[in-house]
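> Going down the list, the sequences are from chains A and B. Residues in the first sequence are numbered from 1 upward in steps of one, following this note's numbering. Residues in the second sequence are numbered from 1 upward in steps of one, following this note's numbering. Idealized CB from N, CA, C, for every residue including glycine.
Number of protein chains: 2
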Amino acid sequence: MADIGEQGEGGRALTPQRQAVLQVVSESAEHLTAAEIFEAARRVLPSISYATVYNSLKYLKEAGLVNEVSFGNGASRYDRETGRHDHALCSRCGRLVDFELEETPQLMRAAARRSRFKPESISLTLVGICPDCRT
Amino acid sequence: MADIGEQGEGGRALTPQRQAVLQVVSESAEHLTAAEIFEAARRVLPSISYATVYNSLKYLKEAGLVNEVSFGNGASRYDRETGRHDHALCSRCGRLVDFELEETPQLMRAAARRSRFKPESISLTLVGICPDCRT
DNA sequence: GCAGAATTTAGAATTATTCTAATTACAGTT
DNA sequence: AACTGTAATTAGAATAATTCTAAATTCTGC
């Protein structure tokens, strides 16, 4: 996994299309949708297709270079922040903010104990009103 | 909110259609999709339409009688369990299990402090391997 | 019984995502 | 430097989930 840069066993790793998608996600501080990424990527590489954006995102996600975030409504969003982190979602304006909670390792262990699952990851989203919306 | 049973100000509250949807969700221990609810509800009320299932679910959700759960993939699922609780999702078979974590109130406060959001709710999902899939 | 409001219905429309089949681009040979 | 097999890309169709629309229906309150 993650032999980005080397061309591994047969696969072409970081193709121009995948590079374009990665560049778009990496250069944005926002959490972009696939549609937004497609729009931006075609400015870099006009021939790129929608399917390739999805394929590239999937590839980059597996390589650990981008992160997918989604909550019930609408489309998935993609994020350059690949380390473990938590999200806060504003119920008024929809803004999505990253933050870090130190207690997540213990939390994951507690959740695994209660649910009897072998833990792999944990996701935590706070829904509330963001500082801006409180005026 | 929640003037179920009384017909409040103009609205018709618990119509037969809404009752059928509520019944379907209440009688299942599973987390059903809208499609599954539609199938089951039309056995009770053959004339019910897809749109009404969605409208009813929205209504019942606002009234606090059912709960919506969703994670990236596929369709939202609806749950009779309306109290706050957490979820564990099996990454192998897709099974979704409810569980309860006592530390969530403190967790919500900690997340609010870190993110500077006014907290409304918090959702926590453990992804891992369920007991059955570990064979 | 009638007016007005809310609800339901059926199907069209929209949105997000995946699939398909044909084409193109490599990488590793010779 | 042509050849072969694999992987990736493209365009557009297909699918899935959900929302919207317009007309018909059902209530509630007078």
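Roughly how many whole angstroms lie between the Cα atoms of Ser49/A and Phe38/A?
Each residue's alpha carbon lies about 8 Å from the other.
> Taking only three categories from DSSP, how would you classify Thr52/B?
Correct three-state label for Thr52/B: helix.
> Between Ile122/A and the rest of its own chain, which residues show a CB-CB distance below 7 Å, the 5 nearest in sequence each way excluded?
The residues are Thr104, Leu107, Met108, Ala111.
> Can you tell which of Leu60/A, Arg12/A, Leu89/A, Ile129/A has the C-alpha that lies nearest to the C-alpha of Tyr78/A?
Looking at the Cα atoms, Leu60/A is the closest of the given residues.
> Could you have a look at Arg80/B and say whether DSSP puts it in helix, strand or coil?
In this structure, Arg80/B counts as coil in the three-state DSSP scheme.
> Between Pro119/A, Ser115/A, Phe99/A, Leu65/A, which lies nearest to Phe117/B when the distance is taken from Cα to Cα?
When only C-alpha atoms are compared, the closest one is Phe99/A.
> Just checking my contact of Arg53/A with Ala63/A at CB under 8 Å: how many whole Å lie between their CB atoms?
Per the sequence presented here, residue 53/A reads as Val, with Arg not at that position. That belief does not hold up - the Cβ atoms of Val53/A and Ala63/A are roughly 15 Å apart, past 8 Å.
> Do you know how far the Cα of Asn73/B is from the Cα of Ala35/A?
Looking at the two C-alpha atoms, the distance is approximately 17 Å.
> Check for me: the alpha helix (DSSP H) holding Glu39/B runs from which residue to which?
Run containing Glu39/B: 34-44, per the alpha helix (DSSP H) assignment.
> May I ask you to report which of helix, strand or coil DSSP gives Thr125/A?
Note: Thr125/A maps to strand in three-state DSSP.
> I'd like the list of long-range same chain contacts for His31/B, defined as Cβ closer than 8 Å, with 5 residues on each side in sequence excluded.
Counting only Cβ-Cβ distances below 8 Å, and skipping sequence neighbours, we find Val69, Arg77, Tyr78, Asp79, Leu96.
> Output yes or no for whether 8 Å exceeds the beta carbon distance between Thr33/B and Ala75/B.
Contact: yes.
> So what does DSSP say about Leu65/B, is it helix, strand or coil?
Note: Leu65/B maps to coil in three-state DSSP.
> I believe Val156/B touches Leu57/B by the beta-carbon criterion, under 8 Å. Please report the beta-carbon distance rounded to the nearest angstrom.
The structure shown does not extend to residue 156/B, since chain B spans only 1 to 135, so no value can be given for it.
> Helix, strand or coil for Leu107/A, going by three-state DSSP, please let me know.
Here Leu107/A sits in helix by DSSP.
> Quick check on this structure: which residue in Ser91/B, Ser26/B, Gln17/B has the alpha carbon closest to the alpha carbon of Thr82/B?
Out of Ser91/B, Ser26/B, Gln17/B, Ser26/B has the C-alpha closest to the C-alpha of Thr82/B.
> Quick check on the burial criterion: 16 or more other C-beta atoms within 10 angstroms. Buried or exposed for Val66/A?
Burial call: buried.
> Specify, as a first and last residue, the run of the alpha helix (DSSP H) that Ala136/B falls within.
Within the shown structure, residues of chain B are numbered from 1 to 135, placing residue 136/B beyond reach of any answer.
> Could you give the DSSP three-state label for Ala112/A: helix, strand or coil?
Looking at Ala112/A - three-state DSSP - the assignment turns out to be helix.
> From what residue to what residue does the beta strand (DSSP E) around Leu149/B run?
Outside the shown range of chain B, which is 1 to 135, sits residue 149/B, and nothing can be said about it.
> Please list, in chain order, all residues of the same chain as Leu126/B whose beta carbon is under 6 Å from its beta carbon, the five residues on each side excluded.
Around Leu126/B: Ala88.
> If we ignore side chains and look at the alpha-carbon of each, how far apart do Arg113/A and Pro119/B end up?
So the alpha carbons of these two residues sit roughly 26 Å apart.
> In whole angstroms, give me the CA-to-CA distance for Leu45/B and Phe71/A.
Taking the straight line from one Cα to the other gives about 31 Å.
> List the residues of chain B that Ala112/A touches, going by C-beta distances under 7 Å, in chain order.
Simply Leu126, Gly128.
> According to DSSP, is Cys133/B part of a helix, a strand, or is it coil?
Three-state DSSP puts Cys133/B in a helix.
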